[in-house]
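582 is the number that my numbering gives to position 154 of the sequence shown; each next residue is one higher, with no gaps. All C-beta atoms, glycine included, are put in the ideal place defined by N, C-alpha and C. Since the structure is predicted, the reported quantities are computational estimates derived from the model, not experimental observations. Okay, so here's the structure we're looking at.
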Amino acid sequence: MEKDLQAIVDEATQKLNSVTDRPGWDSVKATILGPNGSLTQLGKGIGKLAKEDRPVFGQKLNRTKKEIEAIFKSSLSLIEEKEDLEILGPEIDPTLPPPSNFTGGTHPLTNTRRKIVSIFRKIGFTVAEASETETEWFCFDALNTPEDHPARDEQDTLFFPPNSNWSNIKQKNKESFVLRTHTSSVQIRTLLREKPPLRIIAPGRCFRRDTVDATHSANFHQTEGLYVDQNVTIKDLKGVLDFFLKELFGNKVETRLRPSFFPFTEPSFEVDLRAPNIGKLSDQWIEIMGCGMVDPKVLQLVDLNPDEWSGFAFGMGIERIAMILHGIDDIRHFYNNDFRFLSQFSHSS
Ligand code: PHE
Numbered sequence: 429m430e431k432d433l434q435a436i437v438d439e440a441t442q443k444l445n446s447v448t449d450r451p452g453w454d455s456v457k458a459t460i461l462g463p464n465g466s467l468t469q470l471g472k473g474i475g476k477l478a479k480e481d482r483p484v485f486g487q488k489l490n491r492t493k494k495e496i497e498a499i500f501k502s503s504l505s506l507i508e509e510k511e512d513l514e515i516l517g518p519e520i521d522p523t524l525p526p527p528s529n530f531t532g533g534t535h536p537l538t539n540t541r542r543k544i545v546s547i548f549r550k551i552g553f554t555v556a557e558a559s560e561t562e563t564e565w566f567c568f569d570a571l572n573t574p575e576d577h578p579a580r581d582e583q584d585t586l587f588f589p590p591n592s593n594w595s596n597i598k599q600k601n602k603e604s605f606v607l608r609t610h611t612s613s614v615q616i617r618t619l620l621r622e623k624p625p626l627r628i629i630a631p632g633r634c635f636r637r638d639t640v641d642a643t644h645s646a647n648f649h650q651t652e653g654l655y656v657d658q659n660v661t662i663k664d665l666k667g668v669l670d671f672f673l674k675e676l677f678g679n680k681v682e683t684r685l686r687p688s689f690f691p692f693t694e695p696s697f698e699v700d701l702r703a704p705n706i707g708k709l710s711d712q713w714i715e716i717m718g719c720g721m722v723d724p725k726v727l728q729l730v731d732l733n734p735d736e737w738s739g740f741a742f743g744m745g746i747e748r749i750a751m752i753l754h755g756i757d758d759i760r761h762f763y764n765n766d767f768r769f770l771s772q773f774s775h776s777s
């Protein structure tokens with residue numbers, strides 16, 4: 429039986445030599461130390477020995493068991509070391525140069541949004557945000573845009589299916605959910621939450637059912653602005669926008685307000701600008717944003733007395749501003765993720 433003990437030690441050593449992973453190690457262990465393993469079985473034979481031989485054999489059995497356990501233990505630590513190395517990957521040579529020194533950068537639309545926001549911050553505007561999913565009431569009704577207005581047509585607006593449920597977006601009545609078509613809905617959410625005087629700038633993503641081409645995208649970005657206080661006039665609106673456009677395009681920029689129409693402002697204007705330093709677009713009047721004095725009906729809807737409060741609002745496309753600033757002639761460049769395009773902007777802030 430002593431011979432058998434040595435044979436089991438040899439068997440364990442030999443089998444473990446070809447084991448390379450944990451499952452293999454487990455199954456070898458079972459063949460030796462498991463309930464039906466060779467060592468366990470041999471141990472059971474102790475009862476067949478003469479009484480006086482049993483203690484000696486018992487001691488040898490225990491010693492062999494310890495020896496075998498030690499062999500298993502060191503085999504397991506080799507396997508664990510191998511597993512660690514696999515996780516760590518190949519050895520690192522710290523003297524090698526890095527594969528590339530490119531550090532990434534912000535998207536041109538992010539840069540433009542930050543630039544716009546930082547200019548308005550200088551004159552006391554704070555950033556307001558609301559969700560991209562809106563309800564018809566916030567997107568249209570509250571902005572004095574009646575049900576038969578073309579913007580509310582399914583051709584123009586992306587509606588959610590009738591029984592959609594957004595637990596985190598408050599509905600006014602049981603109106604449908606839409607993807608917001610403009611950031612003007614943030615005006616209403618803010619006016620319902622905060623009391624004037626207030627000055628906010630609300631940048632964010634908007635959606636329309638536009639067919640994509642060089643100047644249209646179903647997904648785009650706007651920045652809304654809203655100023656509500658006492659005795660606010662068109663002069664204040666013009667002053668703020670002139671300051672903003674001069675900061676953005678330089679002191680030589682000229683601006684003009686052209687009469688227009690928006691349901692939520694009265695009077696309403698388009699803002700045009702002319703600048704000498706904007707590439708192909710230099711020295712010609714170009715349309716840059718919509719604006720106007722907040723319509724008294726909008727103020728009434730949010731429980732503000734139009735005799736006491738007045739304000740102005742404006743909204744511009746961030747893509748449009750970025751295209752003018754950088755001489756980009758196709759809106760699709762912003763969304764194609766072409767590295768050759770994006771890397772040109774990674775260093776501007
Ligand atoms: N929401 C308008 C648009 O998307 C822009 C606008 C905002 C006009 C605020 C006036 C006042 O075209």
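Would you check whether the ligand PHE has a heavy atom nearer than 8 Å to the C-beta of residue i?
i    : result
Q772 : no
E652 : yes
G739 : no
F548 : no
S696 : yes
S612 : yes
F677 : no
T585 : no
G718 : yes
T609 : yes
F692 : yes
F568 : no
G667 : no
F742 : yes
How should residue i be labelled, buried or exposed, when 16 other C-beta atoms within 10 angstroms of its C-beta is the threshold for buried?
i    : result
D757 : exposed
G486 : exposed
I520 : exposed
R450 : exposed
S776 : Because the pLDDT at S776 is just 47, under 50, the model does not fix this residue reliably, and the value given afterwards should be weighed accordingly. Burial call: exposed.
S503 : buried
K457 : buried
P527 : exposed
A498 : exposed
P631 : buried
A556 : buried
F393 : Here the chain has residues from 429 to 777 only, and residue 393 is not among them.
T531 : exposed
A558 : buried
N572 : buried
T563 : buried
T639 : exposed
E715 : exposed
Report the three-state DSSP secondary structure of residue i (helix, strand or coil).
i    : result
D581 : coil
Q487 : helix
E675 : helix
K443 : helix
A741 : strand
Q658 : coil
Q650 : strand
A570 : helix
D700 : strand
L524 : coil
G632 : strand
S688 : strand
F773 : helix
T534 : coil
P695 : strand
L586 : coil
L626 : strand
V545 : helix
T459 : helix
Compute the Euclidean distance between the alpha carbons of residue i and residue j, then round it to the nearest angstrom.
i    : j    : result
R686 : G743 : 15 Å
G452 : I496 : 16 Å
Q615 : A579 : 18 Å
N445 : L516 : 24 Å
N705 : I597 : 44 Å
T441 : A478 : 30 Å
E698 : T554 : 24 Å
P695 : P724 : 11 Å
V484 : P522 : 58 Å
S612 : R768 : 34 Å
L619 : G739 : 11 Å
Comparing the C-beta of residue i with each C-beta of chain C, is any distance below 9 Å?
i    : result
A440 : Looking for chain C here will not work: only one protein chain is present.
Threshold first: 4 residues or longer. Then list the alpha helix (DSSP H) segments lying entirely within the region 712-736, N to C.
724-729
Length at least 4, wholly inside the region 741-768: the alpha helix (DSSP H) runs in chain order
746-754
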